[in-house]
Amino acid sequence: MMAIFITRTATDPVCGTVVRVARAAAAADFQGQELFFCSSHCGATFAADPDRYVAASSVPSCRT
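Residue numbers (the UniProt record's numbering): 1 to 64.
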């Protein structure tokens, strides 16, 4: 019997990096939505101005 593992991923709303949820450097709950971040820097950047990143139509590059 073969086991199948599913890796849950999410897109970092600050930089657009695809993040493995189990290995996310930071996470936040914003308006009932769980968000995950590639680095603590992106998590802190989001926390400083969450509306900017949730409403953003373009994603800036990550500077970690």
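Note that the Cβ used here is the ideal one computed from N, Cα and C, for glycine as well.
Please list, in chain order, all residues of the same chain as residue 11 whose beta carbon is under 8 Å from its beta carbon, the five residues on each side excluded.
Once the five neighbours on either side are set aside, the close Cβ partners of residue 11 are 17, 18, 19.
What whole-angstrom Cβ distance do residue 30 and residue 54 have, given they're in contact under 8 Å?
That belief holds up - the Cβ atoms of residue 30 and residue 54 are roughly 6 Å apart, short of 8 Å.
Comparing C-alpha positions only, which one of 21, 2, 26, 4 sits nearest to residue 45?
The shortest Cα separation from residue 45 among 21, 2, 26, 4 belongs to 26.
Between the alpha carbons of residue 42 and residue 52, how many angstroms are there, rounded?
If I take the Cα positions, the gap works out to 13 Å.
Considering only the alpha carbon of each residue, which of 50, 49, 22, 32 lies closest to residue 38?
Cα-wise, what sits closest to residue 38 is 22.
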